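Below is one structure, written out as structure tokens; the observations come after it.
In the numbering used here, the protein residues as written are 352 to 518.
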């Protein structure tokens, strides 16, 4: 039961993150730094694996995730929360595109057929009337999706050690 409550709490925090970032008067850098500081302290306190010496690969994955978090906050400050969230959620597309080179995995036919749908959906975000800041925010959100995809690929590459190593 405890794990379910923790999962529910995590989902609630992730779901409200965009709105909280928008409502906060701090700069994107301050928000990203504060969120990361709090997360780091909690993980150090409650996750023993966070106190282990990292490998080079786990450090690379951690850096990809660092960029994911910072770019998401920047994108949310520059464009709508919905755009930042939905565009960042293109991470599976980037996983699909990069996995043949990084993991030597071949995509299935179904996965390949989904690429045009992802691309069309992503393109719709750029067809709206955008102010220059929103366009910048959307592009930053794309970068956040790419780094999130790289984080996922890195975790897959790390295998069972992935989550513990990333912490």
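Ideal Cβ positions, reconstructed from N, Cα and C, are used throughout, including at glycine. From a predicted model like this one, the values you see are computed outputs, not experimental measurements.
Could you check whether residue 424 and residue 382 sit closer than 7 Å to each other, using their CB atoms as the reference points? Indexing the chain shown from 1 puts residue 382 at position 31. Indexing the chain shown from 1 puts residue 424 at position 73. Taking the C-beta atoms as reference points, residue 424 is found nearer than 7 Å to residue 382.
Quick one: any contact between the stretch 447 to 458 and the stretch 502 to 511, if contact means 3 or more CB pairs under 8 Å? Yes, they touch.
What separation, rounded to the nearest whole angstrom, lies between the Cα atoms of residue 355 and residue 362? Along the chain shown, one-based indexing puts residue 355 at 4. Along the chain shown, one-based indexing puts residue 362 at 11. Cα to Cα, residue 355 sits roughly 10 Å from residue 362.
Specify the secondary structure class of residue 486 as computed by DSSP and reduced to three states. Counting from 1 along the chain shown, the entry for residue 486 is found at position 135. Correct three-state label for residue 486: helix.
Is the stretch 457 to 465 in contact with the stretch 395 to 415, if contact means three or more CB pairs nearer than 8 Å? Contact between the stretch 457 to 465 and the stretch 395 to 415 is absent, because fewer than three Cβ pairs lie under 8 Å.
Who are the near neighbours of residue 387 in its chain, counting only those whose CB is closer than 7 Å to its CB and skipping five residues on each side? Numbered from 1 along the chain shown, position 36 holds the residue referred to as residue 387. So the list reads 420, once near-sequence residues are dropped.
Please list, in chain order, all residues of the same chain as residue 436 whose beta carbon is under 7 Å from its beta carbon, the five residues on each side excluded. For the purposes of this step, residue 436 is taken as residue 85 along the chain shown, with counting starting at 1. Contacts found: 369.
Check residue 360 in the structure and name its three-state DSSP category. Position 9 of the chain shown, counted from the first residue, corresponds to residue 360. Looking at residue 360 - three-state DSSP - the assignment turns out to be helix.
Can you tell me whether residue 431 is helix, strand or coil according to DSSP? In the chain shown, the residue the question calls residue 431 occupies position 80. Correct three-state label for residue 431: coil.
Give the DSSP-derived three-state secondary structure of residue 399 in the structure shown. Here residue 399 corresponds to residue number 48 of the chain shown, with the count starting at 1. Taken through DSSP and simplified to helix, strand or coil, residue 399 comes out as helix.
Whose CA, out of 422, 396, 474, lies closest to the CA of residue 372? Within the chain shown, numbered from 1, the residue matching residue 372 stands at position 21. Each of 422, 396, 474 was checked against the Cα of residue 372, and the nearest Cα belongs to 422.
Kindly list the residues whose CB is nearer than 8 Å to the CB of residue 418, restricted to its own chain and excluding five residues on each side of it in sequence; keep chain order. Mapped onto the chain shown, residue 418 falls at position 67. Hits under 8 Å: 494, 495, 498.
For residue 492, count the other beta carbons within 10 Å of its own beta carbon; 16 or more makes it buried, fewer makes it exposed. Which is it? Reading the chain shown from its first residue, position 141 is the one you call residue 492. Buried, since its Cβ has 16 or more Cβ neighbours within 10 Å.
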